[in-house]
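Peer 1:
In my numbering, the protein residues as written are 3 to 52.
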């Protein structure tokens, strides 16, 4: 029973940590997406234009 009580904070901490990491990754993608789109567009235009 004592072991079960001790594992609860670890599980909650793990879930919160996972959620925060996912959130940070999502924010990073949202901020980087326009930059990646612009870079991709420049390469695409560079391939099309002589």
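C-beta: ideal position from N, C-alpha, C; glycine also.
Just the C-alpha distance for residue 31 and residue 16, rounded to the nearest angstrom, thanks.
Peer 2: Counted from its first residue, the chain shown places residue 31 at position 29. Counted from its first residue, the chain shown places residue 16 at position 14. C-alpha separation (whole angstroms): 22 Å.
Peer 1: Could you tell me the distance, in whole angstroms, from the CA atom of residue 12 to the CA atom of residue 43?
Peer 2: Locating residue 12 in the chain shown gives position 10, counting from the first residue. Locating residue 43 in the chain shown gives position 41, counting from the first residue. Approximately 45 Å between the Cα atoms of the pair.
Peer 1: Rounded to whole angstroms, what is the Cα-Cα separation between residue 33 and residue 23?
Peer 2: One-based indexing of the chain shown puts residue 33 at position 31. One-based indexing of the chain shown puts residue 23 at position 21. Taking the straight line joining both Cα atoms gives about 15 Å.
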